[in-house]
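For reference, each letter of the sequence shown is one residue, going -23 to -1, 1 to 248 in mature numbering (1 follows the signal peptide of the UniProt record, and there is no 0).
The beta-carbon is built from N, C-alpha and C at its ideal position, and this holds for glycine as well.
Heads up, the thing below is written out as structure tokens.
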Amino acid sequence: MIMRSVFVVPATLLLLSLTHTDAHGFLTTPKADFPPNVMRTTYVETIPASSVFPGKKFDDSPQANVAMFTSNFKDSPFKTLRDFLKDKGPECGFTNANISPQPVPQDGMVVWQNPDTNEGFVPSHTGPCEIWLDDKRVFNDDDCATHFPSHPQAKLPVDFSSCKGKCMLRFYWLALHEPNWQVYKNCVPLAGQGGGEYSPPASSPTMSPTPSPSPTPTPPSGPGRIPVEPYSKPTPTPSPSSAPAPAPAPVPSSTPQPKKKCTRRRFLRDY
């Protein structure tokens, strides 16, 4: 008699496994829109590493895979990640691009997150990401999961000044944690006047008043303390000289006087 073992996998366990496998995130600011039957957080395509860079090792650690990709991508015919992913999956992934435009984020931040797992980028899913406004690249990084690890969401600084009235925001991310790379794409139409890139608030300059002399403080009065008037330096006055005053000069007379002989000559000092 042949005994057969049947393993029953609970539906809840299977669901958790699928959620963990495919739950990677999407744009929440500005918010991307999805059809009701599509999983918002999943990738849209996979790319075998051997088909792009044959003979290169991409089954190493997530950090080593990023270093290998970055080094080889510089010598590839692709200038940007968008160029590389243009024909990899739908242009906007699974997002609805034909929706009412979302407002331009006034704080200059694009938010990527997975609300189901309360995180931004999956830490192990290292790889490059880019953000475009129409045909202008406004953000790029070689390893977004490592350089933007914040929780529960990853905030990416973007200069929205090129968005004049209406524009299309496109997000691209390539996860390199395994030899079959995962492609993520989101599109969100925007409306409004874009501001500059986020920067910390700076204190506004103030006019410095012309300094004026402050009165000399008077020591406080209290028990055993006598109030003292503010000290002012007296104006110096000349002190009387101890030397005898000079004799007055003789007034010349119109009638000449006979000269007298003196035994000692007197010196007169004029003042």
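Query                                                                                                                     : Result
Within 7 Å, strictly: CB atoms of V81 and G169                                                                            : yes
Residues that P134 bridges to, as DSSP identifies them                                                                    : M86
Helix, strand or coil at P166 according to DSSP, with G and I counted as helix                                            : strand
Segment contact flag, the segment 63 to 74 with the segment 89 to 96, C-beta cutoff 8 Å, min 3 pairs                      : no
Meets three-Cβ-pair contact criterion under 8 Å: the segment 35 to 44 and the segment 16 to 24                            : no
Distance, Y149 Cα to A179 Cα                                                                                              : For A179, the pLDDT reaches just 43, beneath the cut-off of 50, and the residue's location in the model is therefore unreliable, although a value from the coordinates is still provided. A179 and Y149: Cα-Cα distance of roughly 32 Å.
Start and end residues, alpha helix (DSSP H) containing C121                                                              : 121 to 124
Minimum C-alpha distance to D118 - residue among T6, P166, T72, F46                                                       : F46
Exposure label - G201; buried when at least 16 CB within 10 Å                                                             : Note that G201 has pLDDT 41, beneath the 50 cutoff, so the model's placement of it is unreliable and the number below is only indicative. When all chains shown are included, G201 counts as exposed.
Selection from S101, M145, Q90, C69 that minimises the alpha carbon distance to Q130                                      : Q90
Residues bridged to V43 (per DSSP)                                                                                        : Looking at the DSSP assignment, V43 forms no beta bridge with any residue, so it has no partner.
Buried or exposed by the 16-neighbour rule on C-beta atoms within 10 Å, applied to P7                                     : buried
Beta-carbon contacts of F55 that lie in its chain and below 7 Å, excluding the five residues immediately before and after : F61
Three-way DSSP call (helix, strand, coil) for N49 in this model                                                           : helix
Between the CA atoms of D37 and W109 - distance to the nearest angstrom                                                   : 30 Å
Of the listed residues G32, T5, S101, nearest to Q159 (C-alpha basis)                                                     : S101
Distance, P156 Cα to S138 Cα                                                                                              : 38 Å
V115, enclosing beta strand (DSSP E) - first and last residue                                                             : 113 to 118
Q79 and V165 closer than 7 Å at C-beta                                                                                    : yes
Neighbourhood of D120 by C-beta distance below 6 Å, restricted to the same chain and skipping five residues each side     : V43, T103
Outcome for H1 when other beta-carbon atoms lying within 10 angstroms are tallied against a minimum of 16                 : buried
E68 versus K162 - alpha carbon distance                                                                                   : 7 Å
Cβ-Cβ distance between T72 and A9 below 7 Å                                                                               : yes
Expected contact under 8 Å - CB spacing of V88 and L4 to nearest Å                                                        : 7 Å
Where A26 falls: helix, strand or coil (DSSP)                                                                             : helix
Length of the line joining the Cα atoms of A122 and L133                                                                  : 11 Å
Per-residue burial, D15 [other beta carbons within 10 Å of its own, 16 or more giving buried]                             : The sequence shown places Val at residue 15, not Asp. V15 comes out exposed.
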